[in-house]
Ligand code: GLP
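Residue numbers (our numbering): 6 to 248.
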């Protein structure tokens, strides 16, 4: 587990994208294909923008999965992670080899099975992740399931998680925030060869302290990343101030 603290969010994103971009290019050089997982949420804004700016990446050889999507969420809704990835990433780079989006409007169990069949075929080279204010990893809220072997699972979102989504402005009221989501499981995330975590902002400082310096526990789900051989944390001064 390696930690890099930047002065600003912009610098954090540039540093995260530089390392991740190098790992993507390394995979392309050795396998002529790269399988990645993109994360969503406000923490990823600068990282994704910096990744898009890396003109050395041949996106036509990159297959993309993503971490999570609310159940029942139409792609047109401003909080949809499918919408987020389409508008903030896919529309700004050349066409990818393959894009595997989570359809929140499909039957949840069928969608989990569909996605699971797909991702089992393609070992992940680089996973981008964030950390929730409650320490969640993807939408695996505390107490997270560290043992589920299924690549994607249906999860219940806890109140702190739903309050975070409201606080970030994705919804107009707590009632609007869906109670369930499809999330990549902890075990599946941990299978990724490299994990790049972008975690800026003061609001994440306690979760960063708990998950990076505390014991590995499902009460702080992202703490599991301490056990990953190639996990890299990109913080800013605000999110690192309790370390
Ligand atoms: C979001 C997503 C996660 C993300 C985390 C941090 O809601 N489910 O994939 O990593 O919670 O979100 P943010 O970056 O908005 O703080």
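Every residue gets a Cβ at the ideal spot worked out from N, C-alpha and C, and that includes glycine.
As assigned by DSSP and simplified to three states, the class of residue i
| i | result |
| --- | --- |
| residue 207 | helix |
| residue 160 | strand |
| residue 182 | coil |
| residue 199 | strand |
| residue 192 | helix |
| residue 213 | helix |
| residue 83 | coil |
| residue 171 | helix |
| residue 255 | Because the chain in this structure spans residues 6 to 248, residue 255 falls outside the shown range and cannot be described. |
Residue range of the unbroken alpha helix (DSSP H) whose run includes residue i
| i | result |
| --- | --- |
| residue 21 | 14-36 |
Range covered by the beta strand (DSSP E) that runs through residue i
| i | result |
| --- | --- |
| residue 240 | 236-241 |
| residue 8 | 7-11 |
Unbroken stretches of the alpha helix (DSSP H), 4 residues or longer, contained in the segment 90-158: 113-124
Segment contact, 8 Å Cβ cut-off, at least three pairs: the segment 50-58 with the segment 105-114: no
Segment contact flag, the segment 111-126 with the segment 160-168, C-beta cutoff 8 Å, min 3 pairs: Short answer: they don't touch.
Contact the segment 208-225 vs the segment 133-152: 3+ CB pairs below 8 Å: yes
Sequence ranges, alpha helix (DSSP H) only - wholly within the segment 38-87, length at least 4: 50-57
Inter-stretch contact (C-beta, 8 Å, three-pair minimum) for the segment 15-35 and the segment 131-140: yes
Validate contact between the segment 40-47 and the segment 73-93 using beta carbons, cut 8 Å, 3 pairs: yes
Three CB pairs or more closer than 8 Å across the segment 169-183 and the segment 57-71: no
Stretch-stretch touch, CB-based, cutoff 8 Å, three pairs: the segment 136-145 with the segment 165-175: yes
Three or more C-beta pairs below 8 Å linking the segment 26-41 and the segment 7-14: no
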